[in-house]
Amino acid sequence: MSWLDSLQALPISVWVAESDWGYPLLLSVHALGMATVVGLLLVLGCRVLGYAPQIPITALRRFMPYAWAGFALNLTSGLLLFAANAVRLASNWPFLVKLFAIAAGGAANWLLWRELGAASEGAQPMISLRARRVAGVSLLVWLVAIVCGRLIAYVMDHSILSGG
Amino acid sequence: MLRAFHDTWLGDFARDNAWFFTLGLILHFVGLCALLGTMLVIDLRVLGVARRMPVAGALSLLPLALAGFALNLLTGVVFFCFDPFGYWQNPAFKLKLLLIVAAGLNALFFAAVARRTGVLGVGHEPAAMLKVSAALSLMLWFGTLLLGRLIVAFQGSSAF
Numbered sequence: 000m001s002w003l004d005s006l007q008a009l010p011i012s013v014w015v016a017e018s019d020w021g022y023p024l025l026l027s028v029h030a031l032g033m034a035t036v037v038g039l040l041l042v043l044g045c046r047v048l049g050y051a052p053q054i055p056i057t058a059l060r061r062f063m064p065y066a067w068a069g070f071a072l073n074l075t076s077g078l079l080l081f082a083a084n085a086v087r088l089a090s091n092w093p094f095l096v097k098l099f100a101i102a103a104g105g106a107a108n109w110l111l112w113r114e115l116g117a118a119s120e121g122a123q124p125m126i127s128l129r130a131r132r133v134a135g136v137s138l139l140v141w142l143v144a145i146v147c148g149r150l151i152a153y154v155m156d157h158s159i160l161s162g163g
Numbered sequence: 000m001l002r003a004f005h006d007t008w009l010g011d012f013a014r015d016n017a018w019f020f021t022l023g024l025i026l027h028f029v030g031l032c033a034l035l036g037t038m039l040v041i042d043l044r045v046l047g048v049a050r051r052m053p054v055a056g057a058l059s060l061l062p063l064a065l066a067g068f069a070l071n072l073l074t075g076v077v078f079f080c081f082d083p084f085g086y087w088q089n090p091a092f093k094l095k096l097l098l099i100v101a102a103g104l105n106a107l108f109f110a111a112v113a114r115r116t117g118v119l120g121v122g123h124e125p126a127a128m129l130k131v132s133a134a135l136s137l138m139l140w141f142g143t144l145l146l147g148r149l150i151v152a153f154q155g156s157s158a159f
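Quick mapping for you: the protein sequence lines, in order, are chains S and H.
Under numbering that gives the first Met the number 0, think of the first position of the first sequence as 0, with each following residue one higher.
Under numbering that gives the first Met the number 0, think of the first position of the second sequence as 0, with each following residue one higher.
As structure tokens, this is what we get:
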């Protein structure tokens, strides 16, 4: 029995998979966290790329704790959703790509703030070309994460239909 | 009436092509991130987060929110045409529509108060009513999101 099977056999995993409310409730929480994390990083990315110049970029740093709260929510709900369906998710390609995209999104956000922080603590720091590039990459990988998140179910449904 | 939505070419196309529905869902998720991310920044600013940011600056993000809303209205119509009878008797969907209408009315209220109190300048503390409206806005939009995710769970139910 692989660790995936053991994980899926845990009582909490079985509850998520089989109770009436476990799965829909966790999916709802997961969507809420996504809207918070990706929504705030979308605003940040657009601002760095030149949208809404009236907003001091350094003021957007105040919203990062909310983005982290959303991330914590999604790490927790995501782990539970994974546990409920571990065996099939481990070989679901959109799921694996999504994990990479999230890791890349986190790295891009870290790089972006490092770049912006180096620019100065003034109200309107100069936005370097490098910062713009990182912001562009960040928007792109979060888009990939969302697309893959949707494709997880699409690929699974189709593997059910084709008996796979 | 529902039959008319069902019989549109949009409905036929969505039912015949699973990828089209999935593409709609992807765009719906992108749209909700644009809408909710923007509302988070605006409403939290009004509620006192990041006071160095002028409220007018936060409000300059509104086109992004409107673009997200427009995208979701459009894709939402596609989903509805896919199965109007199912959606129409789904309690989560009905409540979701109600919250969207309430959020729209609340936005009008927000605009009216903002115009009257002239709170949009730099450094002003927003009026109490504006803060109430901002808190309400967050609850209504995030409630809309949660109910949207619960539509599938209520499929086939006709309670409510």
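We put the CB at the ideal spot given by N, CA and C, even for glycine.
Handout entry: Proximity test, Cβ basis, 8 Å: S76 of chain S and chain H
Key = Locating residue 76 of chain S in the first sequence gives position 77, counting from the first residue. So no, S76 of chain S is outside the interface.
Handout entry: Segment contact, 8 Å Cβ cut-off, at least three pairs: the stretch 61-78 of chain S with the stretch 22-31 of chain S
Key = yes
Handout entry: Simplified DSSP state of Y50 of chain S, which is helix, strand or coil
Key = Indexing the first sequence from 1 puts residue 50 of chain S at position 51. Residue state, collapsed to three classes: coil.
Problem - Within chain H, partners of F62 of chain S - CB distance below 8 Å - result: As a working note, residue 62 of chain S is residue 63 in the first sequence. What F62 of chain S touches in chain H: L39, V40, L43, V48 and A49.
Exercise for the section: Please classify G69 of chain S: is it buried, with 16 or more other beta-carbons within 10 angstroms of its beta-carbon, or exposed? Expected result: Here residue 69 of chain S corresponds to residue number 70 of the first sequence, with the count starting at 1. That one is buried.
Exercise for the section: Provide the residue span of the alpha helix (DSSP H) that contains E17 of chain S, from first to last. Expected result: Mapped onto the first sequence, residue 17 of chain S falls at position 18. P10 to E17 is the span of the alpha helix (DSSP H), which, as asked, contains E17 of chain S.
Exercise for the section: Answer with buried or exposed for G163 of chain S, where buried requires no fewer than 16 other C-beta atoms within 10 angstroms of its C-beta. Expected result: Numbered from its first residue, the first sequence carries residue 163 of chain S at position 164. Caution is warranted here: a pLDDT of 38 is assigned to G163 of chain S, below 50, making its placement in the model unreliable, and no coordinate value can be reported.
Practice task
Leaving aside the five residues before and after A152 of chain H along the sequence, list all residues of the same chain whose C-beta is less than 8 Å from its C-beta, in chain order.
Solution key: Within the second sequence, the letter at position 153 stands for residue 152 of chain H. Excluding residues within five positions, the ones whose Cβ falls inside 8 Å are A91.
Practice task
Below 7 Å CB to CB, which residues in the same chain sit around G105 of chain S once its five sequence neighbours on both sides are set aside?
Solution key: For the purposes of this step, residue 105 of chain S is taken as the residue at position 106 of the first sequence. Counting only Cβ-Cβ distances below 7 Å, and skipping sequence neighbours, we find nothing.
Problem - The alpha helix (DSSP H) enclosing T57 of chain S, as first and last residue numbers - result: As a position in the first sequence, residue 57 of chain S is number 58, starting the count at 1. I56 to L59 is the extent of the alpha helix (DSSP H) around T57 of chain S.
Problem - C-beta neighbour in chain H for P23 of chain S, strict 8 Å - result: Against the first sequence, residue 23 of chain S aligns to sequence position 24. Answer yes: the Cβ-Cβ gap between P23 of chain S and chain H drops below 8 Å somewhere.
Exercise for the section: Leaving aside the five residues before and after L6 of chain S along the sequence, list all residues of the same chain whose C-beta is less than 7 Å from its C-beta, in chain order. Expected result: As a working note, residue 6 of chain S is residue 7 in the first sequence. Around L6 of chain S: S12, A82 and A85.
Exercise for the section: Within its chain, find whatever has a CB closer than 6 Å to the CB of S157 of chain H; leave out the 5 residues flanking it on each side and keep chain order. Expected result: Here residue 157 of chain H is taken as the residue at index 158 of the second sequence, counted from 1. At S157 of chain H the pLDDT is 49, less than 50, meaning the model places this residue with poor confidence; the figure from the coordinates comes in the next sentence. Answer for S157 of chain H: Q88, listed in chain order.
Handout entry: Residue environment, V36 of chain S, which counts as buried when at least 16 other CB atoms sit within 10 Å
Key = Locating residue 36 of chain S in the first sequence gives position 37, counting from the first residue. Its Cβ being crowded by 16 or more others within 10 Å, V36 of chain S is buried.
Practice task
Report buried or exposed for E114 of chain S, applying the criterion of at least 16 other Cβ atoms within 10 angstroms of its Cβ.
Solution key: Position 115 of the first sequence holds residue 114 of chain S. When all chains shown are included, E114 of chain S counts as buried.
Problem - Rounded C-alpha distance that separates A3 of chain H from F79 of chain H - result: Position 4 of the second sequence holds residue 3 of chain H. Position 80 of the second sequence holds residue 79 of chain H. Their backbone Cα atoms lie some 11 Å apart in a straight line.
Problem - chain H contacts made by the stretch 81-106 of chain S, where a contact means CB separation under 9 Å - result: none
Handout entry: For G163 of chain S, three-class secondary structure by DSSP
Key = The residue given as residue 163 of chain S occupies position 164 in the first sequence. Any reading at G163 of chain S needs caution, since the residue's pLDDT is 38, under 50, leaving its predicted position unreliable; the model's value is listed next. Three-state DSSP puts G163 of chain S in coil, outside helix and strand.
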